[in-house]
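Student: One structure, as structure tokens, below. Some questions next.
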Amino acid sequence: MAVCIAVIAKENYPLYIRSVPVQNELKFHYTVHTSLDVVEEKISAVGKAMADQRELYLGLLYPTEDYKVYPSHMIIVYYTPVCIFFLLIENILLYRHTRYGYVTNSKVKFVIVVDSSNTSLRDNEIRSMFRKLHNSFTDVMCNPFYNPGDTIQSKAFDSMVSAMMVQAS
Amino acid sequence: LFVMADEALFQFLHNEVIQYIYKSSEHGEMENGRCITKLENMGFRVGQGLIERFTKDTARFKDELDVMKFICKDFWTCVFKKQIDNLRTNHQGIYVLQDNKFRLLTQLSAGKQYLEHAPKYLAFTCGLVRGGLSNLGVKSIVTAEVSVMPACKFQVMIQKM
Numbered sequence: 029m030a031v032c033i034a035v036i037a038k039e040n041y042p043l044y045i046r047s048v049p050v051q052n053e054l055k056f057h058y059t060v061h062t063s064l065d066v067v068e069e070k071i072s073a074v075g076k077a078m079a080d081q082r083e084l085y086l087g088l089l090y091p092t093e094d095y096k097v098y099p100s101h102m103i104i105v106y107y108t109p110v111c112i113f114f115l116l117i118e119n120i121l122l123y124r125h126t127r128y129g130y131v132t133n134s135k136v137k138f139v140i141v142v143d144s145s146n147t148s149l150r151d152n153e154i155r156s157m158f159r160k161l162h163n164s165f166t167d168v169m170c171n172p173f174y175n176p177g178d179t180i181q182s183k184a185f186d187s188m189v190s191a192m193m194v195q196a197s
Numbered sequence: 073l074f075v076m077a078d079e080a081l082f083q084f085l086h087n088e089v090i091q092y093i094y095k096s097s098e099h100g101e102m103e104n105g106r107c108i109t110k111l112e113n114m115g116f117r118v119g120q121g122l123i124e125r126f127t128k129d130t131a132r133f134k135d136e137l138d139v140m141k142f143i144c145k146d147f148w149t150c151v152f153k154k155q156i157d158n159l160r161t162n163h164q165g166i167y168v169l170q171d172n173k174f175r176l177l178t179q180l181s182a183g184k185q186y187l188e189h190a191p192k193y194l195a196f197t198c199g200l201v202r203g204g205l206s207n208l209g210v211k212s213i214v215t216a217e218v219s220v221m222p223a224c225k226f227q228v229m230i231q232k233m
């Protein structure tokens, strides 16, 4: 179960980002954005590597790590009541995020962020999540009402993603 | 591998689309260019969607030549039930795809009759190739030429971005 799922166009802007809980959306925008560098690295490495590196699934983007602290969040902390300060610290110290990447042949990138404490999530489960994303994305692409390059507003796509996200408590 | 259910259905529809576009435009010589553009743009959007479907399960492409080979073999087979007969390149971004028996021209003539109408029947496919390449990250200009039907050549000029 993911905490954030993003679809990024080949020009590296987001076509779709969903995160749980919704208030954390901005920090997930940052998370996904920084993951793009790793994705680019992995793709360009493929060009020089062997043929068996050519599958679409990229796997783990970073080794599991503590959640990064971003300067803008620290500035906000000083101006908010103390309880929110503690909440943020809790967030920063306790939640670890693991990101997985996948790039289609059409250079569209999918990033899935999961809570690192969820160790029951296996590699083949992540692969099947990407497979579902890719299938739904293909359907969106073939929809005549969708203009390639627009943000994805398909309800079918939304419900497929909802089924893969952790339930908001 | 994804294959068109029955190619005759697409051929009939393709021919009717061309008739429709020409009939619904105003009369005048300059309209020909506008109709060709409309057909090409249609092909472009279809190509984008098709390539997404066709490349869903294929391995990542190594380079530009790999992409062109895919277009000539798998893509052409999926859409036209045959491969491109000959691919030539100058290794500097120009590719010529030769189809000796292009499926959308076989019903037109077996020689030079109706040659002046051939471009109309190639516009959609030019767009198809351009759209497919575009979604694979390759910007191009695709044109076609015919001298004796049903053979034709598609010229792909890769645009450096």
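From first to last, the protein sequence lines are chains C and X. End of the first sequence = 197 in my numbering, gap-free, step of one. End of the second sequence = 233 in my numbering, gap-free, step of one. Backbone N, C-alpha and C fix where the C-beta goes; we use that ideal spot for every residue, glycine too.
Taking only three categories from DSSP, how would you classify N152(C)?
Tutor: In the structure shown, N152(C) sits in a helix (DSSP, three-state: H, G or I).
Student: Sort out for me which residues DSSP pairs L159(X) with in a bridge.
Tutor: Its beta-bridge partners are L169(X).
Student: Apart from the five residues on each side of it in sequence, which residues of its chain come closer than 8 Å, Cβ to Cβ, to M188(C)?
Tutor: Here the set comprises K160, L161, S164.
Student: Within the 9 Å Cβ cut-off, does K128(X) reach chain B?
Tutor: In the displayed structure, chain B is absent; the protein chains listed are C and X.
Student: Below 9 Å between beta carbons: does that hold for F196(X) and L176(X)?
Tutor: Yes; because the gap between Cβ atoms is below 9 Å, this pair is in contact.
Student: Taking 6 Å as the limit between beta carbons, can you name the residues of its chain near A223(X), skipping five residues before and five after?
Tutor: For A223(X), where only same-chain residues beyond five positions count, the Cβ hits under 6 Å are N172.
Student: Where V31(C) and T127(X) are concerned, what is the direct C-alpha to C-alpha distance, given to the nearest angstrom?
Tutor: For V31(C) and T127(X), the distance between alpha carbons rounds to 28 Å.
Student: With V139(C) and S63(C) assumed to form a contact (beta carbons below 8 Å), what rounded beta-carbon distance in angstroms separates them?
Tutor: Yes, V139(C) and S63(C) are in contact; Cβ-Cβ is about 5 Å, under 8 Å.
Student: Please confirm whether L208(X) has its beta-carbon closer than 9 Å to some beta-carbon of chain C.
Tutor: L208(X) counts as touching chain C.
Student: Are any of the Cβ atoms in chain X nearer than 9 Å to that of N3(C)?
Tutor: The requested residue 3(C) does not occur in the structure, where chain C is confined to residues 29 to 197.
Student: With 16 other CB atoms within 10 Å as the buried threshold, where does A184(C) fall?
Tutor: Exposed: under 16 other Cβ atoms inside 10 Å.
Student: From the DSSP output, which residues share a beta bridge with Q195(C)?
Tutor: Partner(s): none; Q195(C) has no beta bridge.
Student: Taking a contact to mean a Cβ-Cβ separation below 9 Å, would you say K110(X) touches I123(X) in this structure?
Tutor: It is not a contact, given that the beta carbons lie outside the stated cut-off.
Student: Among the candidates Q155(X), F133(X), E217(X), E103(X), whose CA atom is the shortest distance from the CA of S72(C)?
Tutor: Per the Cα distances, F133(X).
Student: Give the C-beta separation of L202(X) and G119(X) to the nearest angstrom, bearing in mind that I take them to be a contact with Cβ-Cβ under 8 Å.
Tutor: This sequence places Arg at residue 202(X); Leu is not what is there. With 8 Å as the limit, R202(X) and G119(X) qualify as a contact, their Cβ atoms being about 7 Å apart.
Student: I need the boundaries of the beta strand (DSSP E) containing D143(C), first residue and last residue.
Tutor: Start and end: 137-143.
Student: Applying a beta-carbon distance threshold of less than 7 Å, which residues of chain C neighbour S123(X)?
Tutor: Note that residue 123(X) is Ile in the sequence shown, not Ser. Ordered by position in chain C, the residues that pass the 7 Å Cβ test against I123(X) are S134.
Student: Taking buried to mean at least 16 other C-beta atoms within 10 Å of its own C-beta, is F173(C) buried or exposed?
Tutor: By the 10 Å Cβ count, F173(C) comes out exposed.
Student: D151(C) to Y85(C), Cα distance in whole Å?
Tutor: Roughly 10 Å between the two C-alpha positions.
Student: Please state if the CB of L43(C) and the CB of V131(C) are separated by a distance shorter than 9 Å.
Tutor: In this structure, L43(C) does not lie closer than 9 Å to V131(C) by Cβ.
Student: Classify R159(C) as helix, strand or coil using the three-state DSSP reduction.
Tutor: Three-state DSSP puts R159(C) in a helix.
Student: When the distance is taken between beta carbons, is V60(C) closer than 9 Å to A37(C)?
Tutor: It is not a contact, given that the beta carbons lie outside the stated cut-off.
Student: List the residues of chain X whose Cβ lies closer than 7 Å to the Cβ of T166(C), in chain order.
Tutor: Per Cβ cutoff of 7 Å: E124, R125, K128.
Student: In the DSSP assignment, find the alpha helix (DSSP H) that holds S206(X) and state where it starts and stops.
Tutor: S206(X) -> alpha helix (DSSP H) spans 190-207.
Student: At the level of alpha carbons, what is the spacing between L194(X) and S47(C)?
Tutor: Approximately 46 Å, taken between the alpha carbons.
Student: Can you name, in chain order, every residue of its own chain whose Cβ lies under 7 Å from the Cβ of S148(C), other than the five neighbours on each side?
Tutor: Correct list: empty, nothing qualifies.
Student: What residue range is occupied by the uninterrupted alpha helix (DSSP H) comprising Y94(X)?
Tutor: Start and end: 79-96.
Student: Kindly indicate the opening and closing residues of the alpha helix (DSSP H) around E217(X).
Tutor: E217(X) -> not in any alpha helix (DSSP H); beta strand (DSSP E) instead, spanning 212-217.
Student: How close, in whole Å, do the beta carbons of V214(X) and V228(X) come, if the pair is a contact with beta carbons under 8 Å?
Tutor: Between V228(X) and V214(X) the Cβ distance is about 5 Å, and since that is below 8 Å, they are a contact.
Student: Taking only beta-carbon atoms, is F133(X) less than 9 Å away from chain C?
Tutor: Interface residue, yes.
Student: I want to verify the contact list: residues of chain C whose CB lies under 7 Å from the CB of Q179(X), in sequence order.
Tutor: Result: empty, since nearest Cβ-Cβ is about 27 Å, beyond 7 Å.
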